[in-house]
Amino acid sequence: MKDIFIVEDDALIAMLLEDMLADLGYRVCASAPDLERALAAARDTEFDAAILDVSLAGQSSLPVAKLLDERGKPYVYATGYGAAPAGSSPSTLPVLQKPFQLSELEQAMKRLTEV
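Structure below.
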């Protein structure tokens with residue numbers, strides 16, 4: 006698992022996340038800052054796993070998560086809100102609490118390979 010799709014509405018966080026993933030040996034193959042572009046990329050892009058911000062400018066990323074579930078793509082939520090959005094499945098998904106450290110991202114990415 007090397008190609009990662011990022012869904013993050015804050016450009017600075019997205020850039021930081023891309024740098025952190027590169028440090029861990031991953032490649033960001035797609036990034037989307039809003040729900041509409043995230044849904045399109047989730048449908049049309051090939052990737053191994055995704056990192057989803059829970060809230061995209063006030064909109065839930067849950068529709069993206071559901072699409073990833075349908076495609077069988079593992080993902081992790083990154084949030085400052087404390088938990089994955091209601092209706093998320095499976096409930097055992099790793100959730101990164103913002104702000105997170107490189108070691109926490111590394112652990113979450115390792116858990117994705119176990120899902």
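Residue numbering for the sequence shown follows the numbering used here, starting at 6 and increasing by one per position. For each residue, glycine too, the CB sits at the ideal point set by N, CA and C. All of these numbers come straight from a predicted model, not from anything done at the bench.
- Around the beta-carbon of Met114, 16 or more other beta-carbon atoms lie within 10 Å, marking it buried.
- Within the same chain, Cβ atoms closer than 6 Å to the Cβ of Pro99 are found at Val81, Ala113, Arg116, the five residues on either side in sequence being excluded.
- Leu101 is bridged by DSSP to Ala83.
- Sorting Gly85, Met6, Leu67 by C-alpha distance to the C-alpha of Ala47 places Leu67 at the top.
- In this structure, the alpha-carbon of Asp14 lies about 8 Å from that of Ser60.
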